[in-house]
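Undergrad: First the structure, then my questions, so here it is.
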Amino acid sequence: MSFFTSLPGFREFYPAERTIQNHIFDAWRATALRFGFQEWDAPLLEPLELFIEKSGAEIVHQLFNFEDKGGRKVTLRPEMTPSLARMVAARANTLRRPVKWFAIGENFRYEKQQKGRLRAFFQLNADILGEPSPAADAEIIALCIETLRALGLQADDFRVRVSDRSLWFLFLESQGVPEAVAPAVLAVVDKLERSSPAELTQAAVDALKGAPAVDPVALLARAREFAAHDSIESLTAFFANASEKITVRLSEWRVLLDTLRAMGLADFVVPDLTIVRGLAYYTGFVFEVFERTGDGRAIAGGGRYDALVEKLGGPEMPATGFGMGDVTLKNLLESRALLPAADPILDYYAIILAPECRPSALADVFALRRSGLRVGYSFKEGKFQKLIQAAEQSGARKVLIYGGDELKAGIVKVRDTRTRAEQIIPASSVLAFATNAS
Ligand code: HAM
């Protein structure tokens with residue numbers, strides 16, 4: 276590797292890529308603002324400790340961490356949720372609830388670079404804190420969907436797969452799995468679709484070391500059966516003789532799905548209990564967004580994390596939110612031909628044929644710029660043919676021609692770059708002409 280290349284997994288944004296990124300960020304910000312979310316931000320570099328235990332083992336292996344010159348253990352942030360929880364914890368008593376905040380920020384994870392996965396990527400984060408009801412989960416899922424719709428994606432393009440860690444915990448409890456080992460069992464469940472049967476059995480045996488009464492093979496089979504249900508009706512039947520807690524939880528599922536239906540979003544959402552999420556802090560409804568066909572990487576993921584703010588020293592503060600990445604999203608938009616066409620860079624380009632014309636040309640250029648038009652001009656005088664070529668290549672719709680003869684006659688020529696038709700206007704009326712024409 277040459278020293279003069281960027282690091283693996285880090286992108287460079289030439290203007291064409293940056294235009295696309297701005298298009299995505301604009302849709303993210305505009306949609307979040309329409310939902311009444313306020314923008315926040317946090318440092319890129321954080322104390323290592325913030326992520327140890329809070330985010331879970333998977334992410335800890337992926338940290339870009341080091342010791343700073345003051346001997347502090349620090350890391351580039353792999354996600355924004357712990358920073359958000361810390362900030363909300365610090366001002367919890369003065370913040371008006373529910374807190375509805377969004378952020379657009381870069382995150383860093385030392386992952387193996389592959390399609391849809393990089394080491395530096397941007398996320399939209401949107402979170403609601405201080406509201407425990409499924410209404411907040413529905414609002415978060417709705418924002419996630421509407422953000423994708425704002426970019427032109429439709430129900431045919433993606434699905435929100437909604438699951439529930441609390442229902443999983445209740446299911447495991449009903450199978451005699453002690454609370455203490457339930458998170459380890461869920462980590463095995465997370466691999467149900469990805470690992471071989473032998474690997475899964477071994478992982479289940481390891482996870483259940485502290486629960487000798489539970490048969491790992493039987494539990495895995497039952498977990499598969501549970502995870503196969505994709506409607507509340509069939510889950511209700513599965514849990515015949517359900518405990519009170521399970522009955523209450525299933526009614527919360529109904530509230531969530533009914534709310535999304537009332538929002539007109541039922542087509543975008545499907546219950547899918549195979550989703551359990553890799554991050555450790557989730558406690559309730561969780562979800563991931565995938566391209567509808569194909570099994571690519573998730574476009575977004577999130578869920579409820581009711582204990583994190585308290586763990587970071589704050590008061591009790593239920594919370595739910597999601598992160599949407601720019602990498603998989605851009606790939607999906609590209610595959611659906613939904614990326615924006617290149618933006619015309621300029622409205623006007625002024626060509627200056629003689630030095631004595633430069634003062635009046637620059638006066639006009641700057642008047643036009645101050646009026647909000649995008650205007651370029653030739654830095655050097657030169658032959659008409661050469662300058663007009665540069666003007667046409669600039670992408671400007673119109674060219675202003677400042678020549679010695681025109682200066683004497685008190686006029687400026689305006690040329691249309693597409694038709695090449697020319698108009699003559701008084702030199703004193705360039706601003707009036709341009710602002711009327713645009
Ligand atoms: P996450 O599932 O780790 O959740 O990431 C959310 C999204 O970020 C993923 O669905 C994916 O689009 C993108 N993403 C993650 N890692 C990478 C990567 N290495 N390269 C490219 N894109 C990536 C979280 O980060 C949670 N903090 C989200 C959240 C907010 N939960 C509650 N509030």
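Take any residue in the sequence shown, note its place counting from 1, add 275, and you have its number in my numbering. The beta carbon of each residue, even a glycine, is placed where N, CA and C say it ideally should be.
Based on the DSSP secondary-structure assignment, which residues constitute the bridge partners of GLY380?
TA: The partner list for GLY380 (beta bridge, DSSP) reads GLN398.
Undergrad: Note down the Cα distance separating LEU242 from ARG649, rounded to an integer number of angstroms.
TA: Absent from the structure is residue 242, since the part of the chain shown begins at 276 and ends at 713.
Undergrad: Going by CA-CA distance only, name the one from LEU613, GLU585, SER646 that's closest to GLU424.
TA: Glu is not the amino acid found at residue 424; the sequence shown has Arg there. That would be LEU613, whose Cα lies nearest to the Cα of ARG424.
Undergrad: Is PHE433 near the ligand HAM, going by C-beta to nearest heavy atom under 7 Å?
TA: No.
Undergrad: Would the beta-carbon of GLN398 be found less than 7 Å away from any heavy atom of the ligand HAM?
TA: Indeed, a heavy atom of the ligand HAM lies less than 7 Å from the Cβ.
Undergrad: Beta carbon of ALA671, beta carbon of THR692: below 8 Å?
TA: Yes.
Undergrad: Measuring from the CB of GLY578, is there a heavy atom of the ligand HAM at a distance below 7 Å?
TA: Yes.
Undergrad: Please return the same chain residues whose Cβ sits closer than 7 Å to the Cβ of ALA364, not counting the five positions on each side in sequence.
TA: Cβ neighbours of ALA364 beyond the five flanking positions: VAL584, LEU587, GLY588, GLY589.
Undergrad: Under the assumption that PRO701 contacts GLY685 (Cβ atoms under 8 Å), give the Cβ distance between them as a whole number of angstroms.
TA: Yes, PRO701 and GLY685 are in contact; Cβ-Cβ is about 6 Å, under 8 Å.
Undergrad: Would you check whether the ligand HAM has a heavy atom nearer than 7 Å to the C-beta of ASP402?
TA: At least one heavy atom of the ligand HAM is nearer than 7 Å to the Cβ of ASP402, so yes.
Undergrad: Taking contact to mean 3 or more Cβ pairs, one atom from each stretch, closer than 8 Å, check whether the region 564 to 576 and the region 369 to 384 are in contact.
TA: As far as the Cβ criterion goes, the region 564 to 576 does not touch the region 369 to 384, which means the pair count is below three.
Undergrad: Hey, how far is the Cα of PRO593 from the Cα of ALA411?
TA: If you take the alpha carbons of PRO593 and ALA411, they lie about 10 Å apart.
Undergrad: Exposed or buried, what is ILE550 when buried is set at 16 or more other beta-carbons lying within 10 Å of its beta-carbon?
TA: ILE550 is buried by the Cβ-count criterion.
Undergrad: Could you check whether the region 471 to 479 touches the region 489 to 496, counting it as contact only if at least three pairs of C-beta atoms, one from each stretch, sit closer than 8 Å?
TA: Output reads yes: the region 489 to 496 touches the region 471 to 479.
Undergrad: Provide the residue span of the alpha helix (DSSP H) that contains ILE416, from first to last.
TA: From DSSP, the alpha helix (DSSP H) with ILE416 extends over 409 to 425.
Undergrad: For ASP316 and ALA378, which I take to be in contact (beta-carbon distance under 8 Å), what is that distance rounded to the nearest angstrom?
TA: Right, the Cβ-Cβ distance comes to about 6 Å (below 8 Å), so this counts as a contact.
Undergrad: Buried or exposed: where does GLY485 fall if 16 or more other Cβ atoms within 10 Å of its Cβ makes it buried?
TA: Label assigned to GLY485: exposed.
Undergrad: Apply the 10 Å Cβ neighbour rule to THR710 and answer buried if 16 or more other Cβ atoms are within range, or exposed otherwise.
TA: Exposed.
Undergrad: My output table needs one value for GLN698: the three-state DSSP class, helix, strand or coil.
TA: Strand, per DSSP.
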